[in-house]
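2 protein chains.
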Amino acid sequence: MTTLVDVARKANVSKMTVSRVINHPDKVTDELKELVYQAMRELDYHPNMIARALVDKSTRIIKLCILEDIDTTEPYYMNLMIGIAKTLDLHQYSLQLVTRKNFDIGNCDGYIITGMREQDVDWIKNLKKPVVLFGENRYGFDYVDTNNKAGTYILSQLALEKGYQHLIYVGIDSKESFEYSRESGYLQQVQEKRMVPELHRFDNHSHLAEEFVEQNWDKIPKNTAFICASDRLAIGIERGIVRCGGKIPDDFGVTGFDGVFLNQVASPKITTIKQSIIEMGSACGENLLDKIESNEQQGALVFEPKISFGGTLRE
Amino acid sequence: MTTLVDVARKANVSKMTVSRVINHPDKVTDELKELVYQAMRELDYHPNMIARALVDKSTRIIKLCILEDIDTTEPYYMNLMIGIAKTLDLHQYSLQLVTRKNFDIGNCDGYIITGMREQDVDWIKNLKKPVVLFGENRYGFDYVDTNNKAGTYILSQLALEKGYQHLIYVGIDSKESFEYSRESGYLQQVQEKRMVPELHRFDNHSHLAEEFVEQNWDKIPKNTAFICASDRLAIGIERGIVRCGGKIPDDFGVTGFDGVFLNQVASPKITTIKQSIIEMGSACGENLLDKIESNEQQGALVFEPKISFGGTLRE
DNA sequence: ATCTTCCATGTTATCGGTAACAGTTTATTC
DNA sequence: GAATAAACTGTTACCGATAACATGGAAGAT
Numbered sequence: 033m034t035t036l037v038d039v040a041r042k043a044n045v046s047k048m049t050v051s052r053v054i055n056h057p058d059k060v061t062d063e064l065k066e067l068v069y070q071a072m073r074e075l076d077y078h079p080n081m082i083a084r085a086l087v088d089k090s091t092r093i094i095k096l097c098i099l100e101d102i103d104t105t106e107p108y109y110m111n112l113m114i115g116i117a118k119t120l121d122l123h124q125y126s127l128q129l130v131t132r133k134n135f136d137i138g139n140c141d142g143y144i145i146t147g148m149r150e151q152d153v154d155w156i157k158n159l160k161k162p163v164v165l166f167g168e169n170r171y172g173f174d175y176v177d178t179n180n181k182a183g184t185y186i187l188s189q190l191a192l193e194k195g196y197q198h199l200i201y202v203g204i205d206s207k208e209s210f211e212y213s214r215e216s217g218y219l220q221q222v223q224e225k226r227m228v229p230e231l232h233r234f235d236n237h238s239h240l241a242e243e244f245v246e247q248n249w250d251k252i253p254k255n256t257a258f259i260c261a262s263d264r265l266a267i268g269i270e271r272g273i274v275r276c277g278g279k280i281p282d283d284f285g286v287t288g289f290d291g292v293f294l295n296q297v298a299s300p301k302i303t304t305i306k307q308s309i310i311e312m313g314s315a316c317g318e319n320l321l322d323k324i325e326s327n328e329q330q331g332a333l334v335f336e337p338k339i340s341f342g343g344t345l346r347e
Numbered sequence: 033m034t035t036l037v038d039v040a041r042k043a044n045v046s047k048m049t050v051s052r053v054i055n056h057p058d059k060v061t062d063e064l065k066e067l068v069y070q071a072m073r074e075l076d077y078h079p080n081m082i083a084r085a086l087v088d089k090s091t092r093i094i095k096l097c098i099l100e101d102i103d104t105t106e107p108y109y110m111n112l113m114i115g116i117a118k119t120l121d122l123h124q125y126s127l128q129l130v131t132r133k134n135f136d137i138g139n140c141d142g143y144i145i146t147g148m149r150e151q152d153v154d155w156i157k158n159l160k161k162p163v164v165l166f167g168e169n170r171y172g173f174d175y176v177d178t179n180n181k182a183g184t185y186i187l188s189q190l191a192l193e194k195g196y197q198h199l200i201y202v203g204i205d206s207k208e209s210f211e212y213s214r215e216s217g218y219l220q221q222v223q224e225k226r227m228v229p230e231l232h233r234f235d236n237h238s239h240l241a242e243e244f245v246e247q248n249w250d251k252i253p254k255n256t257a258f259i260c261a262s263d264r265l266a267i268g269i270e271r272g273i274v275r276c277g278g279k280i281p282d283d284f285g286v287t288g289f290d291g292v293f294l295n296q297v298a299s300p301k302i303t304t305i306k307q308s309i310i311e312m313g314s315a316c317g318e319n320l321l322d323k324i325e326s327n328e329q330q331g332a333l334v335f336e337p338k339i340s341f342g343g344t345l346r347e
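Protein chains in written order, with our numbering: chain A, 33 to 347; chain B, 33 to 347.
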């Protein structure tokens with residue numbers, strides 16, 4: 033492996049000059065810089081990150097901590113990791129997957145945390161390394177997320193444009209920030225149109241939504257669209273309607289949120305918000321690395337939602 | 033952060049002695065060792081992996097390279113990563129997720145490769161760091177996998193015990209080693225019972241298996257069990273049988289292989305081989321780390337298959 | 001023309017460990 | 001009991017980089 037010294041020898045300069053060419057190129061004359069660059073090229077030199085890390089007491093490790101139960105069937109986290117890993121690789125950082133349990137084993141330069149709930153706030157506040165959350169929050173932590181409010185807002189709008197006359201919101205029964213945002217997107221749309229909002233909340237299981245439809249079938253008028261906070265709930269609603277003999281999308285509309293896996297087994301497919309988790313993961317990594325290098329708050333990174341058209345809203 | 037020198041000072045020895053207590057404890061007297069251990073405890077000392085890595089030119093990075101298309105809906109790779117990460121964490125290694133494209137960016141101490149095909153063999157042979165494959169192979173590479181042959185063998189056996197009188201094997205149309213093994217497990221069972229084998233092969237898509245059943249429905253006698261090389265194919269067979277009016281499990285049996293995701297949406301659930309990918313991932317990590325530290329071939333690690341009972345074979 | 005000041009470069013020490021060698025003590029041998 | 005081997009422990013150099021300080025020469029000030 034070629035080292036700084038090899039390059040220095042070849043370029044006839046001290047190794048410090050080489051180091052400077054890499055880290056503070058403005059402090060070296062163009063002439064020498066050219067020599068050094070050439071030597072680096074000829075020797076195919078790549079700085080040894082380990083040595084550098086030893087000096088500046090860094091680790092070049094980023095820990096990804098998934099606080100939710102990850103034993104799910106969703107490719108969500110896989111995509112997230114792929115996205116993060118992609119960025120980190122480019123900057124020669126490596127990704128370490130940890131759980132709350134082995135969180136403190138080994139050092140790192142920063143954290144990406146996802147699935148944060150209220151109870152985790154203090155813990156996160158006390159972390160001594162930069163943190164970026166994946167998922168919006170209202171505690172001032174930097175984060176990356178889809179614009180949740182805009183998502184339900186535009187889906188509600190679309191449903192109304194398609195002529196559905198009642199909009200029922202089916203939310204997740206949790207106090208997480210994204211849920212509030214999704215609710216408020218629906219509410220805003222409904223209020224702008226001077227309609228009466230109707231909200232229901234369940235744990236995020238399709239069968240609960242399905243039961244809800246079955247038990248309230250007689251009270252649900254035709255021409256209703258359900259704006260759901262997740263694809264999972266949307267699938268449940270869809271199944272409930274089908275089972276009760278309702279016609280989708282002619283008499284009833286359904287929209288979801290997520291666009292990851294479940295959408296692929298539903299029939300017809302749910303019209304939903306598509307989130308490019310990979311892309312968002314990349315952004316997450318970049319945000320964190322910027323933060324590490326600049327030591328400054330980077331702010332939130334919000335992705336504008338895109339509708340993924342399925343067959344659960346009229347054409 | 034406490035260092036070797038801090039510990040040495042506290043224990044009144046040289047830092048070399050502390051280093052030896054950690055790496056070659058047999059070369060230090062018990063008396064000093066005790067002193068050092070105590071100092072380490074009191075100071076909560078943890079060796080700096082970066083410094084160590086600088087000396088022995090290691091990186092403490094393991095690259096996981098997934099050669100197949102990972103944009104699937106299976107949680108398979110997620111589980112694999114969780115398993116690997118678990119072990120690596122314990123040994124203060126970190127996991128880097130790479131694709132063939134960015135494979136060479138940055139150094140590492142070893143590779144875990146999955147999804148290898150014939151065309152990758154030469155490339156893998158030329159890698160200069162230890163490699164463990166996830167998935168069996170016949171090129172002499174160390175690997176971790178389920179005992180594929182035993183899997184179809186015991187499923188075939190089970191089907192026969194349940195009284196099905198014909199066994200049809202539905203395989204994946206590929207030349208990968210695991211497929212050969214699964215075929216041979218079926219074949220061995222069938223031959224032991226002096227039955228006539230019947231094999232069909234398709235790309236690993238459920239609809240192909242489904243079409244096969246529909247097109248050959250009249251030729252398939254009652255009391256047949258289908259031994260499938262994947263859950264995906266099994267689901268297709270199941271759907272085909274249901275669509276043609278066949279009764280599962282009374283008149284027809286179906287078994288799969290994998291037990292990861294698809295099993296959860298099938299109705300009835302497929303009787304299949306359950307693979308604990310997480311556990312296998314851990315084993316993979318351990319195997320590789322042993323190899324790195326001992327510099328010796330570790331051999332294959334084969335997990336014995338376990339049947340996951342669904343509703344596609346008679347009670 | 002001499003004294004600063006500034007800028008580009010080189011030298012030294014350091015990060016936290018480990019290997020190789022040196023020195024010291026204890027045990028073994030004849 | 002002196003010579004020699006064996007067993008510990010300490011010293012020094014080094015891994016590959018960077019920061020802080022030292023040096024030397026050119027430009028600017030007086």
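Backbone N, C-alpha and C fix where the C-beta goes; we use that ideal spot for every residue, glycine too. Note that the structure is predicted; figures quoted are calculated from it, not measured.
- Taken atom to atom, the span from the alpha-carbon of P229 of chain A to that of H239 of chain A is near 23 Å.
- The Cβ-Cβ distance between G167 of chain A and T146 of chain A falls below 8 Å.
- At a C-beta separation below 8 Å, A85 of chain B has these neighbours in chain A: I82.
- A Cβ-Cβ distance of about 12 Å is found for the pair V163 of chain A and V176 of chain A, leaving them out of contact under the 8 Å criterion.
- With contacts defined by Cβ atoms closer than 8 Å, A257 of chain A and G217 of chain A do not form a contacting pair.
- Relative to the Cα of T119 of chain A, the nearest Cα in the group A:T131, A:I144 and A:K301 belongs to A:I144.
- DSSP places E328 of chain A outside any alpha helix (DSSP H), giving it a letter other than H or E.
- At a cut-off of 8 Å between C-beta atoms, P107 of chain B counts as an interface residue with respect to chain A.
- One alpha carbon belongs to G272 of chain B, the other to V245 of chain B, and they sit about 5 Å apart.
- Looking at the DSSP output, I204 of chain A shares a beta bridge with A:F234.
- If you look at Q128 of chain A, you'll find it in the beta strand (DSSP E) that goes S126 to V130.
- In the three-state reduction of the DSSP assignment, S308 of chain B falls in the coil class, being assigned neither a helical nor a strand state.
- In the three-state DSSP reduction, L99 of chain B falls in the coil class, being neither helix nor strand.
- Residue environment: Q128 of chain B is assigned as buried (16 or more neighbouring CB atoms within 10 Å of its CB, all protein chains considered).
- For T178 of chain A against Q307 of chain A, the beta-carbon gap comes to about 5 Å, under 8 Å, which counts as contact.
- The continuous stretches of alpha helix (DSSP H) do not include T146 of chain A, which lies in the beta strand (DSSP E) extending over residues G142 to T146.
- Across the set A:K47, A:E242 and A:Q223, the C-alpha of A:E242 shows the shortest separation from the C-alpha of R233 of chain A.
- For the pair E347 of chain B and K181 of chain B, the Cα-to-Cα distance works out to about 24 Å.
- Rounded to whole angstroms, the gap between the alpha carbons of S326 of chain A and M81 of chain A is 19 Å.
- From the listed residues B:L96, B:P253 and B:K157, the smallest Cα separation to L112 of chain B is found for B:L96.
- In the DSSP assignment, L36 of chain A falls within the alpha helix (DSSP H) that extends over L36 to A43.
- Around the beta carbon of F289 of chain B, 16 or more other beta carbons lie within 10 angstroms, which makes this residue buried.
- In the DSSP assignment, D154 of chain B falls within the alpha helix (DSSP H) that extends over V153 to K157.
- Residues of the region 303-326 of chain B with a C-beta atom less than 8 Å from some C-beta of chain A do not occur.
- Residue pairing by DSSP puts L165 of chain B in a beta bridge opposite B:I145 and B:Y175.
- For I93 of chain B, the chain A residues whose C-beta falls within less than 8 Å of its own C-beta are S126, listed in chain order.
- For S340 of chain B, the secondary structure class from DSSP, reduced to helix, strand or coil, is strand.
- Rounded to whole angstroms, the Cβ separation of D141 of chain B and K161 of chain B is 6 Å, and the two are in contact under 8 Å.
- With fewer than 16 other beta carbons inside 10 angstroms of its own, K225 of chain A counts as exposed.
- A Cβ-Cβ distance of about 7 Å is found for the pair I259 of chain B and A191 of chain B, placing them in contact under the 8 Å criterion.
- Looking at the DSSP output, G285 of chain B shares a beta bridge with B:A257.
- Looking at the backbone, the Cα of Y125 of chain A and that of M110 of chain B are separated by about 20 Å.
- For the pair F341 of chain A and E270 of chain B, the Cα-to-Cα distance works out to about 30 Å.
- Interface annotation, L129 of chain B: in contact with chain A, CB-CB separation under 8 Å.
- Annotated as distal: N169 of chain B and S213 of chain B, with beta-carbon spacing of 8 Å or more.
- Beta-bridge partners of I93 of chain A (DSSP): A:S126.
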